[in-house]
DNA sequence: GAGCAACGTGTTTTT
DNA sequence: CACGTTGCTC
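Numbering (the working numbering), first residue to last: 14 to 774.
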């Protein structure tokens, strides 16, 4: 069968496995998406399931689109109406179709993360809660974490008064959302889960319908998503889960890697298939990745291999400063481009966004086209969100979040005092702000009434207009366009508003609307009372669920800059991993727990496996961060990569970080192979002039001078109380300089150099 | 009610 | 350093 041509044995086994639960451990670059889509096509082509009986779920819209594209290419079927989408997108479909049973208005709106935060702030203000004691962000995290565990307020255990208050606020937040007819992201999932578990008729319909459930990036699922899948598969559907525990990098937002092991135990005991042949990277790169990740415990276990040969060694560079590191990157990029490589095939990766600035500056000065990923997406721009807020109010005037957003934007003389009055009345009556308008006295009340009338008028005037004309009308009638016309940097914002009109036209014209909603109609379930949402409601849901491109477009051949997280799933001919320093990568905030460090290591694993042919690793002795110079040691991850795969462009010095054994710290001279335990005392400083070889001794790190004594990272010091220790980090300069010292058994202390009685040994 | 200055605060991110 | 938020003044 042509479909199965060119699959390797494990891929073939995975694609054609019997109709039963299975777990595919797919290493980086092992053909994961291909296996997933080919299995779907194969199931359909062999008549084992109709397109209608398949459910495929991913985490990103991009992955869902990719899947649809590939299936269309493999099979001559209409993918429209197939249930392929993100967890949130599919839940949205289900909730729209069964909004009554889910207890939601048909026009329910979706709050994105920032909408949710402003809703929470408004709640705290209204309830008179001290937002210093209960920070909105913390409450948001508390609520979302609870929902992702499947817990409603009544089910959250509160041990102390603080937590009781948090739970209380959670309950109030829920009531507020319900009253306003809005749902946040985790609510989409939880509400959908509850809908299915409580309503036997609907549950059985979908359990019966979906015979095969395929899950992408299974390592990123949270507990609720796992339960959701289990529930849907409860009627005998086969779950085909694909993932890579080594690439689980989203634990910080609730992903539970444990789901993979649990799934194996619960469903797929002897049906685990490993895809270990890597088609992406050369041998040295894979060796580095394999050796590195072996330092993690609790892995399901997997070793990537390739038949592409070793390729070039991984190049390692130590810079004096972040600026110099950037300069070096520029030079390497110039020579890569000189060799004929495309700029878009070169990626510069970093752990945190703050690191991009220096790199951007250097690229800009050098006149090298580049593109930074991350940052604001289209539907997150303030002018676009303003326009969407007007549209939301037309659809549902009781959406208080949208109301507050634009009630006085553009300014129409409605101030804080008036809005407080209005909020008080609304709270007293338990109604929305919109419903409270008529009771607000005075001129403020008048202005509010005018605003309410504006919304009503816009709704009336756009009746029966096609979607994009509605949007066009609203950006004008709201005064948004006029407002930005008067602003000096408004031209781009107006562009974006016009672009929103285009987006609406594209959404209506394409399969967007039909795809996300009409396709949801469960024909076999007329008694459920299905209604079609309006095109506007569908468009608003689309805007919330798909925030748009992170940038991209414009087609120019440009170097790609992004965080390691953003690089997951991508690949490049040449990759730079910059800022490989202790405290940065691994990030200091993750070092408190073993699990945090292991996630950082997986992150490094992801970074390394992005490269096809050439990989560069770099770190710097000093780095500007938060306005002060930091002195970092090179990342431990550099030392977890086999020396035989590396080529040092600068002399290799010392060890990556303080030894775990107290006092076991030193630096080897350049040229030594530095076998474990072989450490020698530091030599004298020599000026460091770049990448030329031949300095047998030089500084591992820049130092700080205090009272005529020089301190630097890696140095042994003695303290009258804590005894002997090693400096493992420095921040600040001059009188503000602080050092972190590892005193072995006495622990690690942070000391101010100007005050502490530290003596160099 | 609107605009500006001081303050403080800083991972990673998709839906 | 560079952002967003708060608090203050006109």
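Where a beta carbon is used, it is the ideal one built from N, C-alpha and C, also for glycine.
| Item | Value |
| --- | --- |
| Distance CB(residue 260)-CB(residue 581) smaller than 9 angstroms | yes |
| Identity of the residue in 644, 448, 345 and 379 nearest residue 406 by Cα | 448 |
| Proximity to residue 273 [Cα-Cα], best of 136, 242 and 656 | 242 |
| Where residue 33 falls, given that 16 or more other Cβ within 10 Å makes a residue buried | exposed |
| Continuous beta strand (DSSP E) stretch holding residue 99: start and end | 96-99 |
| According to DSSP, residues forming a beta bridge with residue 265 | Residue 265 pairs with nothing; no bridge assigned. |
| Supposed contact pair residue 56 and residue 329 - C-beta distance, whole angstroms, cut 8 angstroms | Wrong, their Cβ atoms sit about 46 angstroms apart, outside the cutoff. |
| Euclidean distance between Cα positions of residue 696 and residue 771 | With a pLDDT of 31 at residue 696, under the threshold of 50, the predicted position of this residue should be treated as unreliable, though the coordinate-derived value follows. Answer to the nearest angstrom: the Cα atoms are 21 angstroms apart. |
| Proximal residues to residue 8 (C-beta, below 7 angstroms), its chain only, five neighbours per side dropped | The structure shown does not extend to residue 8, since the chain spans only 14 to 774, so no value can be given for it. |
| Presumed contact (8 angstroms Cβ cut-off) between residue 627 and residue 656, rounded CB distance | Between residue 656 and residue 627 the Cβ distance is about 18 angstroms, and since that is not below 8 angstroms, they are no contact. |
| Sequence-distant residues of the same chain with beta carbon closer than 8 angstroms to residue 140, five excluded per side | 182 and 185 |
| Supposed close pair residue 450, residue 434 - CB separation, criterion 8 angstroms | In fact, because the Cβ distance is near 11 angstroms, the residues do not count as touching under 8 angstroms. |
| Residue range of the unbroken beta strand (DSSP E) whose run includes residue 729 | 729-732 |
| DSSP three-state assignment for residue 691, whether helix, strand or coil | Low local confidence applies: a pLDDT of 30 at residue 691 is under 50, so the model's placement there is unreliable, with the coordinate-based value given in what follows. Coil, per DSSP. |
| Reference residue 726; option with closest CA among 194, 594, 508 and 653 | 594 |
| Continuous beta strand (DSSP E) stretch holding residue 590: start and end | 585-590 |
| Limits of the unbroken beta strand (DSSP E) element including residue 348 | Where residue 348 is concerned, there is no enclosing beta strand (DSSP E), although the alpha helix (DSSP H) it sits in stretches over 335-351. |
| Sub-9 angstroms separation of residue 575 and residue 361 beta-carbons | yes |
| Residue environment, residue 303, which counts as buried when at least 16 other CB atoms sit within 10 Å | buried |
| Backbone secondary structure at residue 724 - three-state DSSP | strand |
| Pick from 393, 464 and 442 that is closest to residue 428, judged by C-alpha positions | 464 |
| Distance between residue 127 and residue 133 (C-alpha atoms, nearest Å) | 10 angstroms |
| Touching by the beta-carbon criterion (3+ pairs, under 8 angstroms), the region 284-298 and the region 30-50 | yes |
| Best match in 395, 381 and 213 for proximity to residue 497 [C-alpha to C-alpha] | 395 |
| Buried versus exposed call for residue 311 [16 or more other C-beta atoms within 10 Å across all chains shown] | exposed |
| Under the three-state DSSP convention, the category residue 206 falls into | helix |
| Ordered list of alpha helix (DSSP H) runs contained in the region 387-449, each at least 4 residues | 395-408, 413-419, 429-442 and 446-449 |
| Whole-angstrom distance between residue 625 and residue 596, CA atom to CA atom | 28 angstroms |
| Collapsed DSSP secondary structure at residue 91 in the structure displayed | coil |
| When 653, 155 and 115 are compared against residue 210, the one with the closest alpha-carbon | 115 |
| Residue 217 to residue 244 span [Cα, whole Å] | 10 angstroms |
| Residue from 99, 108, 112 and 60 with nearest C-alpha to residue 88 | 60 |
| Where residue 775 sits in the DSSP three-state scheme | Residue coverage of the chain in this structure runs from 14 to 774, which leaves residue 775 outside it and unanswerable. |
| Delimiting residues of the beta strand (DSSP E) encompassing residue 315 | No beta strand (DSSP E) contains residue 315, which DSSP labels as neither H nor E. |
| Pairwise C-alpha distance: residue 651 and residue 231 | 29 angstroms |
| Per-residue burial, residue 96 [other beta carbons within 10 Å of its own, 16 or more giving buried] | buried |
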